[in-house]
Every structure is written in C-alpha cells, then in structure tokens.
Amino acid sequence: MKKSMFLALIAVIVIASQAFGQFRDNVNMSIFTGAYMAQENANNRGYWYGVYGEYMPIKTKKGLNLGFSVVADQVAFKSNTTISSYNGSSTEFGAGLAAGKYSEYLTQKYSSYIGVNLMVKNTKDTGVGKSIQKDGKIGTYTATQEDLMFSAELNINLLKTFGIREQLFPRSQVEIGYSKPFKSEKVSFWNNAPIKESMIWNKAAFSAKFKQSICQIGQMNTLIEPKLMVGYVNYVGDNSKWISVGPEISLKKRGWDDFFSCYAFIKKQVGNYEPNMNSTQFVLGINFQPFNIK
C-alpha cells in the first residue's frame, strides 16, 4: 500500500512538472489585430494590427531569462461629423530588452510567471482633416508628428497548480504599461500654408489591466479558458481617463501560455470631461501566439 501511494505521488509530481514546467518558451511571438467603433457615432472607428516578438537566450542560475524584444504595428482611424472629418494613421517600430521568470513552486498551490520589457519606439502619425468654414468653403488641415518613446510593460501571472477544484479560477493576470516620449517633432498645414506653432500631442500614457480566468474547460492537451477583463488607461495628452470591461476566450496547451485569444469589451471615458460622441466605444480583438502550440 505504501509503495502504491509513493508511486502515485511520483506520478502526480511528474505530470505537474510537465504541465507547469515552463509556461513560455525562450522564443515568443504575438500576432495581434483589432478594431473599435464609437457607440453614438459609428463613423468614429479604427483598427490596428501588428506583431511583437521576444528572444531570451540567457538564463541565470536563479532561473531568470534575459534577452530582447521587438514590436511593429500599424493603426488607422477616422471620425466624421456633419461639418468635419478626420483620417489618421500611425506606424510604430520598437526594440529593447526583455526578461521573464517562471517560479514553479511559488506556494503549495500556485506557480507564477513574471515578464517585463523595456523598449524604445519610433512612432509616426499622419492625419488629414477637412471642415466646412463659415463661408461654406472646405478647409484642409494636415499634420505629421514623429516621436521617440520610452515604454515599459510588466506582466504578472499567478497560476493555480494544486488544490481543490484546481480548474476553477486557474489564472490571475495583471498587466501594467507606461510610455513617455523623450523627443517629438511636428509639422502641420492649413490649406497648404504652414502653421508656425504646431501644438505637439503628448503621447505619454499609463495603463493597468486585470484578467481573471473563470475556469479551465477540457480533459486533453488543449484547454479553453473564459476570462473576465477590467482595464484602466490615462492618456496624458488630453488627460482623459478610461475604464474597460468585457469577456475574453482563450485556447491554450496544458502547462503553457495562451496560443489564441479573442476579446470584446466596452471602453468608457470617466471623470470630468466634455460630453462627446466618442466617449463610449466597442472594442474587438484577437491575439495569436504560435510558439505556445506545444
């Protein structure tokens, strides 16, 4: 009897080690896309797509993985009213350092993964606006702004590995982001005439997001995790504050991070602000991480 119990314990330890032994590979890539639309004016809408990659070949004695990160993305948006319209786009490229650490036995019930990246990004925004003037003529505004940005992101994951009903609330995740420009240039024109003092838009922002996996569905290697997400972001340029809430559905291999996720949430401006038709938005997005398919 004792021998059987010992063998069973060894089997549980081996299975757990295989299931939660790494969580992420040294090479990771995320392909993402999404779109938004304002509630009160469907002409206010936009979309984005891009790719983020990590390569962390260095591993310290304490289990810390170190390496590099890169990102490239494209954003496009437009807004229209009865007397004006604006079409804009933004292109971003960035590179920097990345680090990650997986702790298999954080506690008796939980393991953890903490990731961080520090990047320098180059962003270039272009936009064209048209508006009807008092004399009935159409005026055209064009602008280009280029920024060098510093950004930092922290990703904290708490993973349930043992305990009663371990498939219930299996993962809690916190994502914190901060960005700030350290060099900005802008040129703008009104009806092809240069505007001497173009006001530079401050792109600094702070964001925080919490995701809670509700349950883990599946008995084989591929699992489904429905999640609830709550987020907050503050844009320094206009000091606007936003909260967001909504569901997410993800697919994952046992013991690894998600390889596919789709989400839908409502984003609402809060605090003291002038009423506007863009203050409530519907957001949809997907994320694919092929290196997590194991």
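Each residue of the sequence shown is one higher than the one before, counting from 1 in our numbering.
Each residue gets a CB set at the ideal place from its N, CA and C atoms; glycine is no exception.
CB of residue i within 9 Å of CB of residue j, strictly
i: glutamine 173; j: phenylalanine 210; result: yes
i: alanine 98; j: glycine 67; result: yes
i: threonine 140; j: aspartate 125; result: no
i: arginine 24; j: asparagine 192; result: no
i: glutamate 92; j: glycine 50; result: yes
i: leucine 158; j: tyrosine 110; result: yes
i: glutamine 281; j: methionine 37; result: yes
i: serine 90; j: threonine 123; result: yes
i: alanine 208; j: serine 179; result: no
i: lysine 294; j: lysine 253; result: yes
Span separating the alpha-carbon of residue i from that of residue j
i: serine 244; j: asparagine 234; result: 12 Å
i: glutamine 108; j: phenylalanine 150; result: 38 Å
i: glutamate 54; j: lysine 121; result: 15 Å
i: glycine 231; j: asparagine 155; result: 14 Å
i: glycine 295; j: asparagine 278; result: Outside the displayed range of the chain (1 to 294) lies residue 295, so it cannot be described from this structure.
i: glutamate 40; j: glutamine 216; result: 36 Å
i: tyrosine 86; j: lysine 78; result: 5 Å
i: alanine 8; j: glycine 255; result: Here the model assigns alanine 8 a pLDDT of 41, short of 50, so the residue's position is not dependable and the matter cannot be decided.
i: glycine 100; j: glutamate 274; result: 42 Å
i: phenylalanine 169; j: valine 75; result: 34 Å
i: proline 57; j: aspartate 73; result: 24 Å
i: aspartate 257; j: phenylalanine 288; result: 11 Å
i: tyrosine 367; j: asparagine 44; result: No information on residue 367 is available, as it lies outside the stretch 1 to 294 that the chain covers here.
i: tryptophan 48; j: serine 250; result: 20 Å
i: methionine 220; j: asparagine 26; result: 25 Å
i: alanine 42; j: threonine 81; result: 10 Å
i: glycine 218; j: glycine 115; result: 27 Å
i: isoleucine 225; j: asparagine 65; result: Strictly speaking, residue 225 in this sequence is glutamate, with isoleucine absent from that position. The straight-line gap from Cα to Cα measures roughly 26 Å.
i: isoleucine 286; j: serine 261; result: 6 Å
i: isoleucine 164; j: serine 69; result: 38 Å
i: glutamate 248; j: asparagine 276; result: 28 Å
i: lysine 134; j: glycine 46; result: 29 Å
Beta-carbon contacts of residue i that lie in its chain and below 7 Å, excluding the five residues immediately before and after
i: leucine 284; result: Gly34, Ala35, Ala264
i: isoleucine 83; result: Ser131, Ile132
i: valine 236; result: Asn202, Ala204, Ala205
i: glycine 246; result: Met229, Tyr263, Ala264, Phe265, Ile266
i: tryptophan 190; result: Gly139, Tyr141
i: threonine 222; result: Leu251, Lys253
Same chain only: Cβ atoms within 8 Å of residue i, ignoring 5 sequence neighbours per side
i: proline 290; result: Met29, Ile31, Phe259
Neighbourhood of residue i by C-beta, 6 Å cutoff - its chain only, sequence neighbours within 5 removed
i: glycine 271; result: Lys241
i: valine 71; result: Tyr52, Gly94
i: proline 181; result: Asp147, Met149, Lys203
i: serine 198; result: Lys186, Ser188
i: isoleucine 200; result: Ser184, Lys186
i: glycine 129; result: Tyr86, Tyr141
i: isoleucine 195; result: Ser188
i: isoleucine 176; result: Leu154, Ala208
i: alanine 152; result: Leu118, Tyr178
i: isoleucine 214; result: Pro226
i: arginine 305; result: The question about residue 305 has no answer, for the chain in this structure spans 1 to 294.
i: glycine 88; result: Phe77, Gly127
i: glycine 21; result: The predicted model places glycine 21 with a pLDDT of 47, which falls under 50 and marks its position as unreliable; any figure quoted below should be read in that light. So no residue of the chain qualifies.
Buried/exposed call for residue i, threshold 16 Cβ in 10 Å
i: tyrosine 102; result: buried
i: glutamate 166; result: exposed
i: asparagine 239; result: exposed
i: threonine 60; result: exposed
i: glycine 136; result: exposed
i: lysine 160; result: buried
Contact test: residue i Cβ vs the ligand HEM heavy atom, cutoff 8 Å
i: leucine 228; result: As presented, the structure is devoid of all ligands, the ligand HEM included, so that no description of it is given.
Handout entry: Contiguous beta strand (DSSP E) assignments of at least 3 residues, all confined to the stretch 54-100
Key = List check, beta strand (DSSP E) in window: 64-80.
Handout entry: Any alpha helix (DSSP H) of 4 or more consecutive residues that is wholly inside the stretch 134-216
Key = If we require 4 residues or more, the stretch 134-216 turns out to have no alpha helix (DSSP H) run fully inside it.
Exercise for the section: At 3 residues or longer, and completely inside the stretch 24-57: list those beta strand (DSSP E) runs for me, N to C. Expected result: For the stretch 24-57, whole beta strand (DSSP E) runs of length 3 or above, ordered along the chain, are 27-38.
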